[in-house]
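Just below is one structure, and these are the notes that go with it.
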Amino acid sequence: MEEILNQLPAFVEQISDIREIIISNIVLIGQIPAPTFREQRRAERLVERLADFQVDDCAVDDFGNPVGIIRGRASSKSAIFIVAHLDTFCETTSDTLYTVTDKAISGMGVSDNSAAVGVMASLPEVFRRLGMVFESDIVLVAPVHSLGPGNLKGIRQLLKTWPTPVRGAICLESVELGRLNYYSDGMIRGEISCSIASEKKMGRHHQPNAILIIHEVIHAILKLRLPQKPRTQIVIGKIAGGFNHGQEAFDASIGFEIRSDSDRMVRELYGDIKDIVNGINKSFAVDLKLSIISHLNATQLAYNHPLVKCAARILYRLGVEAVSEPSETALSIFLQKQIPAITLGLTRGNHFHQDGAMVEIEPLFKGIAQIPALVAAMDSGMCSHE
Amino acid sequence: MNKSWIETNTFHHSKFKDLDRLVAAKQRKNLSISLCLPTLNEERTIAKEIVIMKSELMIRHPLLDEIVVIDSGSTDQTREIARAYEVMVYQADDILPALSRFMGKGENLWKALYVTRGDIIVYIDADIKNIHHRFAYGLIGPLLLSDTIRFTKAFYDRPIAIGDNKLRPTGGGRVTELVTRPLFSLFMPDLTQFVQPLSGEYAGFRSIFEKIPFHIGYGVETGMLIDIFEKWGLDVMAQVDLDRRVHKNQDTKALGRMAFVIIKTFLKRLQDLDRMNLKQDIFNEMIQFHLVRDQLESEIHTLEQHERPPIIEIPEYREKFGMEDKM
Numbered sequence: 550m551e552e553i554l555n556q557l558p559a560f561v562e563q564i565s566d567i568r569e570i571i572i573s574n575i576v577l578i579g580q581i582p583a584p585t586f587r588e589q590r591r592a593e594r595l596v597e598r599l600a601d602f603q604v605d606d607c608a609v610d611d612f613g614n615p616v617g618i619i620r621g622r623a624s625s626k627s628a629i630f631i632v633a634h635l636d637t638f639c640e641t642t643s644d645t646l647y648t649v650t651d652k653a654i655s656g657m658g659v660s661d662n663s664a665a666v667g668v669m670a671s672l673p674e675v676f677r678r679l680g681m682v683f684e685s686d687i688v689l690v691a692p693v694h695s696l697g698p699g700n701l702k703g704i705r706q707l708l709k710t711w712p713t714p715v716r717g718a719i720c721l722e723s724v725e726l727g728r729l730n731y732y733s734d735g736m737i738r739g740e741i742s743c744s745i746a747s748e749k750k751m752g753r754h755h756q757p758n759a760i761l762i763i764h765e766v767i768h769a770i771l772k773l774r775l776p777q778k779p780r781t782q783i784v785i786g787k788i789a790g791g792f793n794h795g796q797e798a799f800d801a802s803i804g805f806e807i808r809s810d811s812d813r814m815v816r817e818l819y820g821d822i823k824d825i826v827n828g829i830n831k832s833f834a835v836d837l838k839l840s841i842i843s844h845l846n847a848t849q850l851a852y853n854h855p856l857v858k859c860a861a862r863i864l865y866r867l868g869v870e871a872v873s874e875p876s877e878t879a880l881s882i883f884l885q886k887q888i889p890a891i892t893l894g895l896t897r898g899n900h901f902h903q904d905g906a907m908v909e910i911e912p913l914f915k916g917i918a919q920i921p922a923l924v925a926a927m928d929s930g931m932c933s934h935e
Numbered sequence: 007m008n009k010s011w012i013e014t015n016t017f018h019h020s021k022f023k024d025l026d027r028l029v030a031a032k033q034r035k036n037l038s039i040s041l042c043l044p045t046l047n048e049e050r051t052i053a054k055e056i057v058i059m060k061s062e063l064m065i066r067h068p069l070l071d072e073i074v075v076i077d078s079g080s081t082d083q084t085r086e087i088a089r090a091y092e093v094m095v096y097q098a099d100d101i102l103p104a105l106s107r108f109m110g111k112g113e114n115l116w117k118a119l120y121v122t123r124g125d126i127i128v129y130i131d132a133d134i135k136n137i138h139h140r141f142a143y144g145l146i147g148p149l150l151l152s153d154t155i156r157f158t159k160a161f162y163d164r165p166i167a168i169g170d171n172k173l174r175p176t177g178g179g180r181v182t183e184l185v186t187r188p189l190f191s192l193f194m195p196d197l198t199q200f201v202q203p204l205s206g207e208y209a210g211f212r213s214i215f216e217k218i219p220f221h222i223g224y225g226v227e228t229g230m231l232i233d234i235f236e237k238w239g240l241d242v243m244a245q246v247d248l249d250r251r252v253h254k255n256q257d258t259k260a261l262g263r264m265a266f267v268i269i270k271t272f273l274k275r276l277q278d279l280d281r282m283n284l285k286q287d288i289f290n291e292m293i294q295f296h297l298v299r300d301q302l303e304s305e306i307h308t309l310e311q312h313e314r315p316p317i318i319e320i321p322e323y324r325e326k327f328g329m330e331d332k333m
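Quick note, the sequences are listed as chains H and R, same order. Read in order, the letters of the first sequence are residues 550 to 935 in this note's numbering. Read in order, the letters of the second sequence are residues 7 to 333 in this note's numbering.
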């Protein structure tokens, strides 16, 4: 491991030598919109780029996931996955035009997760420049249908049908450099929508107001008692409703997320919210609906797992402080399948899900240097209990 | 009119996307290629243009030998940002400083001939928001793969499909359709076949560019087309469909000033070529009006006609390129 760590400064320097290739990949792929369930064009572009970079096997699989395999020298060794989710929160379907300066790349979706996808497309060139060849197959995959209602379906399907054993996985997120995720909370993400029945919309002086009904729901959720252990949280992260200042609102909705390191607690709280919804439905005689958008089980890699320790040592040697938090990414799907995995951040940035999303260029080179170092360690068996 | 030209000399950029083939042709013909980006306050787009061209056409495929930025005196970060990506950046005024100074895109393009070294020069505007390396290789392709084509010009927007493998270009911009095309139709109908004669992207052999004059301002594209056509004929020219181009749009008054300069350029060339004899001097002032508190106020723009001679006639150029004794 020490030998790999000693190479890190050279890695950073050599990776910065091909900054134009990395930025071009981020721009040429990231400018193609990829809202969840509509990622096809971006998937095709990514596969085209991987083929351009002489990746051995490149294809869009049956689920729409773009996959490239850099064949290893030893066919008996199980594969190492490098993953960056392809879809973005942005709903636009027309091309986004990124802006590049000497310091930053900005544009819709660049920080979640276009920069990471562009970096993944550049990895074949990074490995080549660093003179690295591996025993294991390196599988580059940008899963589709990851975010929101996608519920990580792309990576779930891919792993369900993957024919050979997987040694481990590195999940890439554009931001923030220093991020080292190795566990995921149990999670249910849901929506509650209130719709006033159409016959009540006309000719009633005191019709119910959907926003006020939703307000009752929020009020009741906030009164739920959450334990400190197991660590549990309910986040109300989205709200929408109404259409005019002077009109009673016919429709309103909230999006919420229950998170806990105990799956049982997540289920119990979901049951409580279901009771709240049923109760308010009866009291106000409205059409209040509860639906699950996505869910995950709590999974964890031990903090002293060799993969986590290797990643932490690499970050330390790069002079970057490691920050560990739960992550609801492809990571949790790998961990559920007992495949060691971590999530790494690649650079710094801000306005992650907004119009002014940007990522910094300079920290990116350290962020990328983590990948060949960690892949080399995994490839030589340092990151597993094998 | 030579009607077959549009069939034989109009290409789509996709025909040239095999970059290895282009590089092989370039090496076989022992040619070097320079990309010139003329700039004036382009800090939002210059880096993306340099990064993509450098990545795809220099680092990954050695098609370009150099990228040169010629700046007209930007007051924003254009030059600093360009230098950060390690390309040559010049201020136009610093090139051939002994000559009188002018400001305009044509001046930058002309002076680029002095500081670049390529046998082929590619000119691409620096304000393209959807830049892609096809903008360069699409223009270079015909020059490398044909033995007769010496100059290529871009046109844009997806053409309309009109049957199996038949495409109909959508035409030019407002100034093209209202000014340039009518003038070409009246006097030089062969040139009407250029879908977008005013497009800012073109490429050609140095041996062509160094022998023609360059208009300093908006007239540079019109003058260049006429001069190449008159000197070498239509067959050395080609046009390439580069698909969509997203850039800054100009307001109608700015387009009016552009039209003024293009008409002046055209009239001057007709006189130079002895095709027309104007009985009066033409004026240098474009007069426009705008409304201020219910009063029409005139807005007068002095748009002088300046033209650089063929750079091959400049002693410094001849010396630099070792042609002292050939004039």
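The beta carbon of each residue, even a glycine, is placed where N, CA and C say it ideally should be.
Where residue i meets chain R, residues with beta-carbon distance less than 8 Å
i: H/Val-576; result: Lys-54, Val-57 and Ile-58
i: H/Tyr-647; result: Lys-54
i: H/Asp-644; result: Asn-136
i: H/Glu-911; result: Within chain R, no residue comes near H/Glu-911; the closest Cβ sits about 11 Å away, beyond 8 Å.
Counterpart residues of residue i in DSSP-defined beta bridges
i: H/Val-688; result: H/Ile-618 and H/Phe-630
i: R/Val-246; result: R/Phe-17 and R/Ala-160
i: R/Pro-44; result: R/Ile-76
i: R/Met-292; result: R/His-307
i: H/Ala-890; result: H/Ala-718
i: H/Ile-730; result: Inspection of the sequence shows that residue 730 of chain H is occupied by Asn rather than by Ile. H/Asn-730 is bridged to H/Thr-892.
i: H/Leu-781; result: The residue asked about is misnamed: residue 781 of chain H is Thr in this sequence, not Leu. DSSP, once it has assigned bridges, lists H/Ser-809 as partnering H/Thr-781.
i: H/Ala-871; result: In DSSP, H/Ala-871 forms no bridge with anything.
i: R/Val-298; result: R/Gln-301
i: H/Met-736; result: H/Arg-808 and H/Leu-845
i: H/Ala-608; result: H/Val-616
Residue j beta carbon less than 7 Å from that of residue i
i: H/Ile-807; j: H/Ile-719; result: no
i: R/Pro-219; j: R/Glu-313; result: yes
i: H/Glu-551; j: R/Lys-60; result: no
i: H/Ile-829; j: H/Lys-652; result: no
i: R/Pro-321; j: R/Lys-217; result: no
i: H/Ala-572; j: R/Val-57; result: Here the sequence assigns Ile to residue 572 of chain H, which means Ala is not the residue at that position. Contact: yes.
i: H/Met-814; j: H/Thr-848; result: no
i: R/Ile-76; j: R/Pro-44; result: yes
i: H/Thr-664; j: H/Val-908; result: For clarity, residue 664 of chain H is Ala in the given sequence; the question names Thr instead. For H/Ala-664 and H/Val-908, yes; Cβs fall inside 7 Å.
i: H/Lys-823; j: H/Leu-839; result: yes
i: R/Leu-70; j: R/Phe-215; result: no
i: R/Tyr-129; j: R/Cys-42; result: yes
Through-space distance from residue j to residue i, alpha-carbon basis
i: R/Asp-99; j: R/Leu-105; result: 9 Å
i: R/Arg-123; j: R/Leu-151; result: 21 Å
i: R/Ile-168; j: R/Leu-248; result: Because the pLDDT at R/Ile-168 is just 49, under 50, the model does not fix this residue reliably, and the value given afterwards should be weighed accordingly. Each residue's Cα considered, the two are about 19 Å apart.
i: R/Ala-107; j: R/Glu-113; result: The sequence given here has Arg at residue 107 of chain R, not Ala. So the two alpha carbons sit approximately 9 Å from each other.
i: H/Ile-882; j: H/Val-826; result: 30 Å
i: H/Asp-928; j: H/Gly-717; result: 9 Å
i: H/Leu-775; j: H/Gly-735; result: 15 Å
i: H/Thr-642; j: H/Pro-582; result: 5 Å
i: R/Ala-142; j: H/Val-766; result: 59 Å
i: R/Ile-166; j: R/Val-246; result: Confidence at R/Ile-166 is low in this model, with a pLDDT of 47, below 50, so its placement is unreliable and no value can be given for it.
i: R/Val-74; j: H/Val-869; result: 37 Å
i: H/Ile-619; j: R/Pro-188; result: 57 Å
i: H/Ser-832; j: H/Gly-699; result: 34 Å
i: R/Ile-39; j: R/Met-64; result: 10 Å
i: R/Ile-101; j: R/Leu-261; result: 29 Å
i: R/Glu-55; j: R/Val-93; result: 12 Å
Partner residues on chain H for residue i, Cβ-Cβ distance less than 9 Å
i: R/Val-252; result: Asp-644 and Leu-646
Residue i Cβ short of 6 Å to the ligand NAP heavy atom set
i: H/Ala-789; result: Here there are no bound small molecules, and the ligand NAP is not part of this structure.
Interface residues of chain H facing residue i [CB-CB closer than 8 Å]
i: R/Tyr-91; result: Glu-569 and Asp-651
i: R/Ile-65; result: Ile-567, Glu-569 and Ile-570
i: R/Glu-48; result: What R/Glu-48 touches in chain H: nothing, since even the nearest Cβ is about 11 Å away.
i: R/Ile-87; result: Thr-650 and Asp-651
Listed by chain order, chain H residues near residue i by CB distance under 7 Å
i: R/Glu-62; result: Ser-573
Please go through the stretch 90–155 of chain R and give each complete alpha helix (DSSP H) segment of 4 or more residues, from N-terminal end onward. The alpha helix (DSSP H) runs lying completely inside the stretch 90–155 of chain R and spanning 4 residues or more are 111–121 and 140–151, given in chain order.
Whole runs of the beta strand (DSSP E) within the stretch 634–717 of chain H, excluding any shorter than 3 residues: Qualifying beta strand (DSSP E) stretches, in chain order: 653–655 and 687–690.
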